[in-house]
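Engineer: Got a structure for you, written out below as C-alpha cells; questions coming shortly.
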Ligand SMILES: *Cc1c(COP(=O)(O)O)cnc(C)c1O
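Residue numbers (this note's numbering): 497 to 995.
Pasting the structure below:
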C-alpha cells in the first residue's frame with residue numbers, strides 16, 4: 497500500500513504481483529498443454545453471461561480474486577482458435593512464447609509513434625526481418641498495423657497520394673482534387689478493400705468487382721476492359737488489388753499478369769496477402785506467388801499464418817517515403833529536436849493513421865528469435881500438407897464433394913448422397929456444421945460457393961495434426977449419414993441439427 501494514499505495507489509504490492517504472475521504462467525502452461533482434451537468451443541452459459549452485465553466496480557478486489565473470476569468466466573469460453581481442431585475463418589493459433597512479448601510490452605509500456613528508444617528499433621528490425629522473409633525489395637518501407645484491414649486503408653491512402661492528379665491533394669481534398677478514382681479487384685476480394693475505398697471517399701461503387709474464372713482467379717482480360725471503359729468515361733483508375741489467397745477458397749490471382757496490367761495502365765498495384773503471402777517462405781510456392789514482390793504495397797497478417805497472437809499485421813511498400821507522403825505531419829508538439837528522445841527518425845506516426853501505437857513488434861521479435869523463421873516455414877508446409885490430406889480424403893469418399901481446392905491452406909467441401917435435392921444438401925450440411933461446432937468437436941466455418949453451402953477449412957493452426965483431419969472427416973461422414981437418412985425417410989423428417 498502506498499503510504500500517502502493507502503486505498504488509492506495503482507501500483508500493486510510487488511510480492512502479490514510476483515506470486516500471481518507465477519501462478520498465471522503455471523496455470524496457462526497446464527491449460528495449453530491440455531487443449532486437445534477440451535471442447536473446441538462451447539456456448540457461454542446464462543449465469544456467466546449475466547456476470548458480464550454487472551456494474552462499474554467502485555472499489556477494488558484482490559487481484560488473485562479477479563484472476564479466479566477470469567478462470568471461471570472467461571477462460572472456459574474461448575473463440576476456440578487456440579485448439580488443434582479449429583480451422584474457421586482465417587484465425588491463427590498463437591505461439592505461446594509470443595505472449596511473453598505481449599506481457600513485457602505492456603510492462604515496459606512504450607508507445608511507438610516516434611522517438612529514440614529501443615522499442616522503435618525493435619519494430620524497425622521486425623519489419624526488416626519480414627522484408628527479408630518475403631524477399632521484398634530492400635528499397636521498401638513498412639509499418640506494423642493491427643490487421644490487414646488497417647493495412648489496406650493505409651496502403652490505398654498512399655496510392656491515392658502517389659497517383660493524385662493535383663500537387664496538393666491532401667490540402668484540396670477529393671472533391672476539389674477533381675478525380676473520381678476507381679479501384680479494381682476480383683469478386684473474391686476481401687470486404688476490407690471495399691471498406692477502405694468507402695472510407696477514403698472514393699465510393700464503394702467505384703470498387704470494380706472483376707469476375708473470376710472457375711478457379712476463382714481474377715479474369716485479367718475483363719480487368720483490362722473495365723479499366724479502359726472507366727478511362728474512356730472520364731474516370732481516374734487508381735489501383736489494382738491482387739489476391740494472394742482469397743478468404744473464400746485460398747485462390748491466388750495471376751499476380752504477374754496483374755502487375756503487367758498495373759504497369760501498362762500506370763496504376764498502383766496492391767496485393768492482399770493477408771494469410772497467403774507467407775507461402776513465400778516455401779521454395780515450392782514461390783512460382784505461385786510470382787509478381788508479389790513487385791507490388792507497390794503488400795499487406796499480410798502475422799496473426800494468421802505466422803501464428804502470432806492477435807493483433808499484428810504488416811504493410812510493406814515498394815518505395816520508401818510513400819507512406820510519409822500521405823501521412824506525415826508537421827505539428828509542433830511532435831516536431832523533431834536536434835538530439836535526445838525526440839531526435840529520432842523514422843517516426844511510425846508519419847507512416848499511418850495512429851499516433852499512439854502499442855509495442856506489438858515485441859511478441860514477433862520474441863517468437864522469431866526463439867524459434868527462427870525455419871520453424872514457421874515448416875509449420876506452414878505442414879498446414880499445406882494437412883489440407884492436401886483432407887482434400888484427398890474428401891475426394892476418396894463417395895459421400896463427400898470437394899467444392900474448392902487451393903495450393904495453400906483452404907479447402908471447401910460438403911456431404912452428399914445420390915438423388916439429394918439442393919435444399920436438402922444445404923440443410924444437412926448446415927446441420928453437420930452446427931453439430932461439429934456446438935458439440936465442440938471441430939471448428940470449420942462455412943461459406944457459399946456456386947450457390948452451395950459448404951464446410952470451409954482454413955488451416956492457420958500450428959497445433960493441428962493429420963489425425964485431426966481424419967477425425968473431422970469421420971465425424972462429417974457419421975453425422976451426414978444420420979441426417980441424410982432422416983431426410984430420406986419421408987416428409988417431416990427434416991433434421992434440425994439435433995441440439
Ligand atoms: C483476414 C483477411 C483480411 C482482413 O484482415 P484483418 O487482419 O482481419 O483486418 C483481409 N484479406 C484477407 C484475404 C483476409 O483473410
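Quick reminder that beta carbons are idealized off the backbone N, C-alpha and C, glycines included.
1) Decide yes or no for the touch test of the region 565-572 against the region 766-786: beta carbon pairs closer than 8 Å, at least 3 of them.
2) If you draw a straight line from the C-alpha of residue 520 to the C-alpha of residue 861, how long is it?
3) Between the C-alpha atoms of residue 651 and residue 745, what's the straight-line distance to the nearest angstrom?
4) Can you tell me the Cα-Cα spacing of residue 772 and residue 575, whole angstroms?
5) Assign residue 869 to one of three DSSP states: helix, strand, or coil.
6) Taking 7 Å as the cut-off, decide whether the C-beta atoms of residue 591 and residue 803 are in contact.
7) Looking only at its chain, what residues have a beta carbon closer than 7 Å to the beta carbon of residue 612, apart from the 5 residues adjacent to it on each side?
8) Please find out if some non-hydrogen atom of ligand 1 comes closer than 6 Å to the beta-carbon of residue 643.
9) Buried or exposed: residue 985, going by 16 or more other Cβ atoms within 10 Å of its Cβ?
10) What residues in its chain sit with their C-beta under 8 Å from that of residue 846, if we drop five residues either side in the sequence?
11) Short of 6 Å in beta carbon distance, which residues of its chain neighbour residue 758, apart from the five on each side in sequence? Order them along the chain.
12) Going by alpha carbons, who is nearest to residue 560 out of 517, 810, 599 and 835?
13) Drop a sphere of 10 angstroms on the beta-carbon of residue 890, count the other beta-carbons inside from all chains shown, and report buried for 16 or more, exposed for fewer.
14) Ignore the nearest five residues each way along the sequence and tell me which others in residue 842's own chain have a CB closer than 6 Å to its CB.
15) Could you please give the first and the last residue of the uninterrupted beta strand (DSSP E) stretch that includes residue 705?
16) Residue 900: beta carbon under 6 Å from a heavy atom of ligand 1?
17) What did DSSP end up calling residue 885 once you bin it into helix, strand or coil?
18) Here's the rule I'm using: 16 or more other beta-carbon atoms within 10 Å means buried, otherwise exposed. How should residue 975 be labelled?
19) Less than 6 Å separating the Cβ of residue 682 from some heavy atom of ligand 1?
20) Please classify residue 848: is it buried, with 16 or more other beta-carbons within 10 angstroms of its beta-carbon, or exposed?
21) Flag residue 589 as yes when its Cβ comes closer than 6 Å to any non-hydrogen atom of ligand 1, and as no otherwise.
22) Are residue 948 and residue 883 close, meaning C-beta to C-beta below 7 Å?
23) Out of 814, 857, 879 and 917, state which residue places its alpha-carbon closest to the alpha-carbon of residue 607.
24) Given residue 690, which residues of its chain have a CB within under 7 Å of its CB, disregarding the five upstream and five downstream residues?
25) From the DSSP output, in three-state form, read off residue 509 for me.
26) Is the CB-CB distance between residue 580 and residue 532 below 7 Å?
27) To the nearest angstrom, report how far apart residue 539 and residue 545 are at their CA atoms.
28) What span of residues does the alpha helix (DSSP H) with residue 973 cover, start to end?
29) Going straight from the alpha carbon of residue 742 to that of residue 714, what length do you get?
30) Decide if residue 513 is buried, meaning its Cβ has at least 16 other Cβ atoms within 10 Å, or exposed.
31) Across which residues does DSSP place residue 764 in a beta bridge pair?
32) Straight-line CA distance for residue 914 to residue 970?
33) Looking at the secondary structure, which residues open and close the beta strand (DSSP E) in which residue 639 lies?
34) Report the rounded CA-to-CA distance for residue 943 versus residue 555, giving the unit in angstroms.
35) Ligand 1 and residue 797: does any heavy atom of the ligand fall closer than 6 Å to the residue's C-beta?
Structural biologist: On the basis of the coordinates in this document:
1) no
2) Translated into positions along the chain shown, residue 520 becomes position 24. Translated into positions along the chain shown, residue 861 becomes position 365. Looking at the two C-alpha atoms, the distance is approximately 23 Å.
3) Here residue 651 refers to the residue found at position 155 of the chain shown. Here residue 745 refers to the residue found at position 249 of the chain shown. Looking at the two C-alpha atoms, the distance is approximately 24 Å.
4) Looking up residue 772 in the chain shown gives position 276. Looking up residue 575 in the chain shown gives position 79. Cα to Cα, the separation comes out at about 22 Å.
5) Counting from 1 along the chain shown, the entry for residue 869 is found at position 373. Note: residue 869 maps to helix in three-state DSSP.
6) For the purposes of this step, residue 591 is identified with residue 95 of the chain shown, where counting begins at 1. For the purposes of this step, residue 803 is identified with residue 307 of the chain shown, where counting begins at 1. Closer than 7 Å, so yes.
7) In the chain shown, the residue the question calls residue 612 occupies position 116. Contacts found: 837, 839 and 840.
8) In the chain shown, counting from the first residue as 1, residue 643 sits at position 147. True, at least one ligand heavy atom lies under 6 Å from that Cβ.
9) The residue you call residue 985 lines up with position 489 of the chain shown. Per the 10 Å Cβ criterion, exposed.
10) The residue labelled residue 846 in the question sits at position 350 within the chain shown. So the qualifying residues of the chain are 610, 819, 820, 823, 824 and 825.
11) Taking the first residue of the chain shown as position 1, residue 758 is located at position 262. Correct list, in chain order: 736 and 765.
12) Counting from one through the chain shown, the residue named residue 560 turns up at place 64. Considering only alpha carbons, the answer is 517.
13) Residue mapping note: residue 890 aligns to position 394 of the chain shown, counting from 1. Buried is the call here.
14) The residue labelled residue 842 in the question sits at position 346 within the chain shown. If we look at residue 842 and ignore the five residues flanking it on each side, it has no Cβ neighbours.
15) Within the chain shown, numbered from 1, the residue matching residue 705 stands at position 209. That run of the beta strand (DSSP E) goes 703-706.
16) By 1-based counting over the chain shown, the position of residue 900 is 404. Every heavy atom of ligand 1 is 6 Å or more from the Cβ of residue 900, so no.
17) For the purposes of this step, residue 885 is taken as residue 389 along the chain shown, with counting starting at 1. Here residue 885 sits in helix by DSSP.
18) As a working mapping, residue 975 is identified with position 479 in the chain shown. Burial call: buried.
19) Mapped onto the chain shown, residue 682 falls at position 186. Residue 682: no, Cβ never under 6 Å from ligand 1.
20) Within the chain shown, numbered from 1, the residue matching residue 848 stands at position 352. Buried is the call here.
21) By 1-based counting over the chain shown, the position of residue 589 is 93. Result no, Cβ not under 6 Å from ligand 1.
22) Mapped onto the chain shown, residue 948 falls at position 452. Mapped onto the chain shown, residue 883 falls at position 387. Their beta carbons are not under 7 Å apart, which means residue 948 does not touch residue 883 by this criterion.
23) Within the chain shown, residue 607 is the residue found at index 111, counting from 1. Among 814, 857, 879 and 917, the Cα nearest to that of residue 607 belongs to 857.
24) Position 194 of the chain shown holds residue 690. Same-chain partners within the cutoff: 700 and 703.
25) Within the chain shown, residue 509 is the residue found at index 13, counting from 1. Looking at residue 509 - three-state DSSP - the assignment turns out to be coil, as it is neither helix nor strand.
26) As a working mapping, residue 580 is identified with position 84 in the chain shown. As a working mapping, residue 532 is identified with position 36 in the chain shown. Yes, the pair counts as a contact, with Cβ atoms nearer than the cut-off.
27) In the chain shown, counting from the first residue as 1, residue 539 sits at position 43. In the chain shown, counting from the first residue as 1, residue 545 sits at position 49. Rounded to whole angstroms, residue 539 to residue 545 spans 10 Å at the Cα level.
28) Locating residue 973 in the chain shown gives position 477, counting from the first residue. Unbroken alpha helix (DSSP H) run through residue 973: 962-984.
29) The sequence position of residue 742 within the chain shown is 246, counting from 1. The sequence position of residue 714 within the chain shown is 218, counting from 1. Between residue 742 and residue 714, the C-alpha separation is close to 11 Å.
30) On the chain shown, position 17 is the one that residue 513 refers to. Label assigned to residue 513: exposed.
31) Here the question's residue 764 lines up with position 268 in the chain shown. Partner(s): 735.
32) As a first step, residue 914 must be located in the chain shown, where it is residue number 418. As a first step, residue 970 must be located in the chain shown, where it is residue number 474. For residue 914 and residue 970, the distance between alpha carbons rounds to 19 Å.
33) For this step, residue 639 is matched to residue 143 along the chain shown. Its beta strand (DSSP E) spans residues 637-641.
34) Here residue 943 refers to the residue found at position 447 when the chain shown is read from its first residue. Here residue 555 refers to the residue found at position 59 when the chain shown is read from its first residue. Between residue 943 and residue 555, the C-alpha separation is close to 47 Å.
35) The residue labelled residue 797 in the question sits at position 301 within the chain shown. Correct: residue 797 has its Cβ closer than 6 Å to ligand 1.
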